[in-house]
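Q:
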Amino acid sequence: MAMSRIPRVLLVVLVCVLCVSPVVMLVVGAFRTAPPGLPGDWSLAPFADAYGDPETYSTLKNSAVLAVATKLLSTALAVFFCWVVARTTSPLRRLVTPMMMFVFAMPSLFFALSWGMLGNPDVGLINKVLGDHLVNINSWWGLILVTTLKATASSYILLLGPFLALDRSLEEASFVSGAGRLRTFLRVDVPVLAPAITGIMILGFVVGLGSLDAALVIGVPAGIKVFPTQLFGYLYNSATPEYAQASALSLLLVVLTVALVGLQNRLLGKRSFTTVTGKGYRQEPWDIGRWRPVCAALIIAYGLLALVLPLGQLVLGSLQPVFGLYGALTLDNYVQLFQEPDIVSAFQATITVSLVGGLLAMLLAVVLQYVVRHHPGRLTRIISLATWLPWALPGIVLGLAMSWAYLSIPGLKELYGTVWILMIALVVTVTPIAGRVAEGAIVQLGKELEESARTSGASSTRALVGIVGRLILPSFVSGWFVTAIVISGSFDVPILMSTSTNRTIPVVVYELYTQGQAPMAAAAFCVLLALVGAVYAVGSGLRRLLPKRRPTAALSVR
């Protein structure tokens, strides 16, 4: 029994309202003279103001330098760590993937805040230990370092699968022809991995152009103005928010994203990149000999810079009565946190938005992936493209686009200023992540299970719940908690859509830090990380309690 066309059309409408309308309204808003939801005139003045400002081009150049430097470094590191894990006998290689998962799960603001304290030129822990003013994180190198640490983890996670799937017989053929390991890696492995590497670099470049966290915490004190901080300035540093100018400037990034994706398709679309063949082949890991200590040292160095030092500084800073006073430690910051009604409310909002939003994102993703798999066609292609559209936009641009859309749509406009509108925006943001989890679980199910249920009289809905739902439950729980963790640390979208009544902890942390209350900000982040750890532990426990999927199990729908 197939799903009728009407529900599929309604699903397309829902997805377009949530995912496509923000981009459409961003374009419309660039030509309007009034803020979102208010009457105004059509005008080209916003473009003249945005692109007539000489500062626009200097900030765009700075953004390009930052994005290129960050992406080149992070991709090189990710390729190196993938090679170490997939190909070598290096010590500590089994620690790399868990370490990268931890770094990926950490909010970007965590790295910016912790390194902003760690590398403070006057009272940072590094300068206290090694000497006064030895390190100043508020600089170009500091901004690139902090952004690279986070970007390396996401690049590694996306590249590890293609690395493990490489057809190693190609390497053996290269060895037989007399090529060494380095030449084989550069002339065989890297070209075969070109689609994955270029795709990740393009995505990372676009994300780097719009990365707000480190740009605000580290770039602004250093006097480094980049694309996202100029957008932020249009909305927050003016007497009245200049939405139209910010929208006009954002369109440049949208056009650039489309151009880069088109360039990748043009360069790689007609080439063949076979990484997995039908022939069974196994090759022993490379014994890298004297390079083993070097690889182990690089793994340790990344772990120190990305996890140990930032976490240590954050915990230590949260115990200081005044930032930089290392002699007297206290728990007063934690006590004061829970005496502030606004901060307690922010914790409640963060927990609600994260858990409920993660659940809604997974439910939506399962339904979308189920429909896409079982009803291929034009409507389902629209659904697939629409759900991935927000992923192509940096957070600050997406937040601005959602502000335009949700303040202009009847029904959603009335929710503005509540946790529910924030939840809707964040669900849209993480739906691509939830979709990958749901897709990976659903494609493993044989269609004959559902066909048997329908033959026995079950509807599509009962088959989805009774067969698919029960079989993918472990993956569903994992995806729920992963998306909840991502939502809890999101900063770009909440900072643009928050009011005094729906702030989340990342927004509160940023406000405390910029107001000179770094110890309180560190304490709030430590509590948030503890909550994230608790959510992860609960999710892992639930997954272990759930029954394992058995390929031969016979399920019935009641």
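Heads up: the sequence shown runs through residues 123 to 680, numbered per our numbering. Built from N, CA and C at the ideal position, the CB exists for glycine as well.
1) Does Arg625 come out as helix, strand or coil in the three-state DSSP assignment?
2) If you drop the 5 nearest sequence neighbours on each side, which residues of the same chain put their C-beta closer than 6 Å to that of Arg154?
3) Can you tell me whether DSSP reads Thr362 as helix, strand or coil?
4) Spatial neighbours of Arg215 within its chain, please: C-beta separation below 6 Å, excluding the five flanking residues on both sides.
5) Going straight from the alpha carbon of Trp237 to that of Ile248, what length do you get?
6) Hey, Ala646 and Val629 are a contact pair by Cβ (cut 8 Å); roughly how many whole angstroms apart?
7) With a Cβ-Cβ cutoff of 9 Å, do Met619 and Met524 count as a contact?
8) Flag Ala227 as yes when its Cβ comes closer than 8 Å to any non-hydrogen atom of the ligand ATP, and as no otherwise.
9) What did DSSP end up calling Thr320 once you bin it into helix, strand or coil?
10) DSSP state of Thr210, grouped into three classes?
11) Arg393 by DSSP, collapsed to three states: which one?
12) Ser212 and Ile504 - do their beta-carbons sit closer together than 9 Å?
13) Could you check the C-alpha separation between Ala483 and Leu490 for me, to the nearest Å?
14) Pull up the distance between the alpha-carbon of Tyr179 and that of Pro350, whole angstroms please.
15) When you compare only the Cα positions, how much space is there between Ala644 and Arg305?
16) Do Met222 and Tyr173 have their C-beta atoms within less than 9 Å of each other?
17) When you compare only the Cα positions, how much space is there between Ala295 and Thr210?
18) Going by C-alpha to C-alpha distance, which of Pro512, Gly480 and Ile546 sits closest to Val559?
19) Comparing alpha-carbon positions, which option in Pro616, Ala556, Phe613 and Asn624 lies nearest Phe598?
20) Should Lys272 be labelled buried (16 or more other beta-carbon atoms within 10 Å of its own) or exposed?
21) Could you check where the alpha helix (DSSP H) with His496 kicks off and where it finishes?
22) Taking the beta carbon of Val561 as the centre, do at least 16 other beta carbons fall within 10 Å, making it buried, or is it exposed?
23) Figure out for me which residue from Leu240, Val251 and Asp464 has the closest Cα to the Cα of Asn260.
24) I'd like the list of long-range same chain contacts for Gly400, defined as Cβ closer than 6 Å, with 5 residues on each side in sequence excluded.
25) Given a threshold of 16 other Cβ atoms within 10 Å of its Cβ, counted over all protein chains shown, does Val416 qualify as buried or as exposed?
26) By the DSSP assignment, the alpha helix (DSSP H) with Ser236 in it spans what residues?
27) Report back the beta-carbon spacing between Ile627 and Phe469 to the nearest angstrom; my notes put them in contact at under 8 Å.
28) Distance, Cα to Cα, Val660 vs Gln461?
29) Can you tell me whether Lys392 is buried or exposed? The criterion is at least 16 other CB atoms within 10 Å of its CB, across all chains shown.
30) If you compare alpha carbons, which of Ala361, Ser369, Asn455 and Gly411 is closest to Val649?
31) Excluding the five sequence neighbours on either side, which residues of its own chain have a C-beta within less than 6 Å of the C-beta of Phe327, listed in chain order?
32) Exposed or buried, what is Asp254 when buried is set at 16 or more other beta-carbons lying within 10 Å of its beta-carbon?
33) Can you check whether the CB of Ser276 is closer than 9 Å to the CB of Phe226?
34) Should Leu477 and Ala606 be called a contact, given that it needs their Cβ atoms to be closer than 9 Å?
35) Report yes if the C-beta distance between Thr274 and Gly330 is below 9 Å; otherwise report no.
36) So, using beta-carbon positions, are Leu252 and Leu436 closer together than 9 Å?
A: In this structure, then:
1) Position 503 of the sequence shown, counted from the first residue, corresponds to residue 625. Looking at Arg625 - three-state DSSP - the assignment turns out to be coil, as it is neither helix nor strand.
2) Here residue 154 refers to the residue found at position 32 of the sequence shown. Counting only Cβ-Cβ distances below 6 Å, and skipping sequence neighbours, we find Gly162 and Ala366.
3) Residue 362 sits at position 240 when you count from the first residue of the sequence shown. Thr362 falls in the coil class under three-state DSSP.
4) Within the sequence shown, numbered from 1, the residue matching residue 215 stands at position 93. If we look at Arg215 and ignore the five residues flanking it on each side, its Cβ neighbours are Val206 and Val207.
5) By 1-based counting over the sequence shown, the position of residue 237 is 115. By 1-based counting over the sequence shown, the position of residue 248 is 126. Rounded to whole angstroms, Trp237 to Ile248 spans 10 Å at the Cα level.
6) Indexing the sequence shown from 1 puts residue 646 at position 524. Indexing the sequence shown from 1 puts residue 629 at position 507. The Cβ separation is near 11 Å, so there is no contact.
7) Translated into positions along the sequence shown, residue 619 becomes position 497. Translated into positions along the sequence shown, residue 524 becomes position 402. Closer than 9 Å, so yes.
8) By its list of ligands, the structure shown contains no ligand whatsoever, and the ligand ATP lies outside what it can speak to.
9) As a position in the sequence shown, residue 320 is number 198, starting the count at 1. Of the three classes helix, strand and coil, the one that applies to Thr320 here is helix, per DSSP.
10) The count along the sequence shown starts at 1 and reaches residue 210 at position 88. Strand, per DSSP.
11) One-based indexing of the sequence shown puts residue 393 at position 271. Because Arg393 sits at a pLDDT of 48, beneath the cut-off of 50, its placement in the model cannot be relied upon, and the following sentence gives the value as read from the coordinates. Correct three-state label for Arg393: coil.
12) On the sequence shown, position 382 is the one that residue 504 refers to. On the sequence shown, position 90 is the one that residue 212 refers to. Judged by their CB atoms, Ile504 and Ser212 are not nearer to each other than the 9 Å cut-off.
13) In the sequence shown, counting from the first residue as 1, residue 483 sits at position 361. In the sequence shown, counting from the first residue as 1, residue 490 sits at position 368. Ala483 and Leu490: Cα-Cα distance of roughly 10 Å.
14) Against the sequence shown, residue 179 aligns to sequence position 57. Against the sequence shown, residue 350 aligns to sequence position 228. Computed Cα separation, rounded: 13 Å.
15) Stepping through the sequence shown from its first residue, residue 644 is reached at position 522. Stepping through the sequence shown from its first residue, residue 305 is reached at position 183. About 47 Å.
16) For the purposes of this step, residue 222 is identified with residue 100 of the sequence shown, where counting begins at 1. For the purposes of this step, residue 173 is identified with residue 51 of the sequence shown, where counting begins at 1. Their beta carbons are not under 9 Å apart, which means Met222 does not touch Tyr173 by this criterion.
17) Stepping through the sequence shown from its first residue, residue 295 is reached at position 173. Stepping through the sequence shown from its first residue, residue 210 is reached at position 88. Looking at the two C-alpha atoms, the distance is approximately 19 Å.
18) The sequence position of residue 559 within the sequence shown is 437, counting from 1. The candidate whose alpha carbon is nearest that of Val559 is Gly480.
19) The count along the sequence shown starts at 1 and reaches residue 598 at position 476. Shortest Cα-Cα distance from Phe598 to any of Pro616, Ala556, Phe613 and Asn624 involves Ala556.
20) Reading the sequence shown from its first residue, position 150 is the one you call residue 272. Flag for Lys272 reads buried.
21) As a working mapping, residue 496 is identified with position 374 in the sequence shown. Run containing His496: Pro463 to His496, per the alpha helix (DSSP H) assignment.
22) Looking up residue 561 in the sequence shown gives position 439. Looking at the sequence itself, residue 561 is Glu, so the reference to Val does not match. Glu561 comes out buried.
23) Here residue 260 refers to the residue found at position 138 when the sequence shown is read from its first residue. Among Leu240, Val251 and Asp464, the Cα nearest to that of Asn260 is on Leu240.
24) Locating residue 400 in the sequence shown gives position 278, where the first residue counts as 1. Unreliable positioning characterises Gly400 in this predicted model, as indicated by a pLDDT of 43, which lies under 50. A coordinate reading is not provided.
25) As a working note, residue 416 is residue 294 in the sequence shown. Residue environment analysis places Val416 among the exposed positions, since fewer than 16 neighbouring C-beta atoms fall within 10 angstroms of its C-beta.
26) Taking the sequence shown and counting its residues from 1, the one referred to as residue 236 is at position 114. Here the alpha helix (DSSP H) through Ser236 covers Ser230 to Leu240.
27) Residue numbering aside, residue 627 sits at position 505 when the sequence shown is read from its first letter. Residue numbering aside, residue 469 sits at position 347 when the sequence shown is read from its first letter. Going by Cβ atoms, the distance from Ile627 to Phe469 rounds to 6 Å, so yes, they are a contact pair.
28) The residue given as residue 660 occupies position 538 in the sequence shown. The residue given as residue 461 occupies position 339 in the sequence shown. Their Cα atoms are separated by approximately 27 Å.
29) As a working note, residue 392 is residue 270 in the sequence shown. At Lys392, the pLDDT of 49 sits below 50, so the modelled position is not reliable; the number obtained from the coordinates is stated separately. Burial call: exposed.
30) Along the sequence shown, one-based indexing puts residue 649 at 527. Val649 has its Cα closest to that of Asn455, out of Ala361, Ser369, Asn455 and Gly411.
31) Along the sequence shown, read from residue 1 onward, the residue named residue 327 stands at position 205. Cβ within range, chain order: Ala189 and Lys193.
32) Numbered from its first residue, the sequence shown carries residue 254 at position 132. Under this definition Asp254 is an exposed residue.
33) The residue you call residue 226 lines up with position 104 of the sequence shown. The residue you call residue 276 lines up with position 154 of the sequence shown. Between Phe226 and Ser276, the gap from beta carbon to beta carbon is short of 9 Å.
34) Within the sequence shown, numbered from 1, the residue matching residue 477 stands at position 355. Within the sequence shown, numbered from 1, the residue matching residue 606 stands at position 484. Yes, the Cβ-Cβ distance between Leu477 and Ala606 is below 9 Å.
35) As a working mapping, residue 274 is identified with position 152 in the sequence shown. As a working mapping, residue 330 is identified with position 208 in the sequence shown. No, the pair does not count as a contact, with Cβ atoms beyond the cut-off.
36) One-based indexing of the sequence shown puts residue 252 at position 130. One-based indexing of the sequence shown puts residue 436 at position 314. The answer is no: Cβ separation not under 9 Å.
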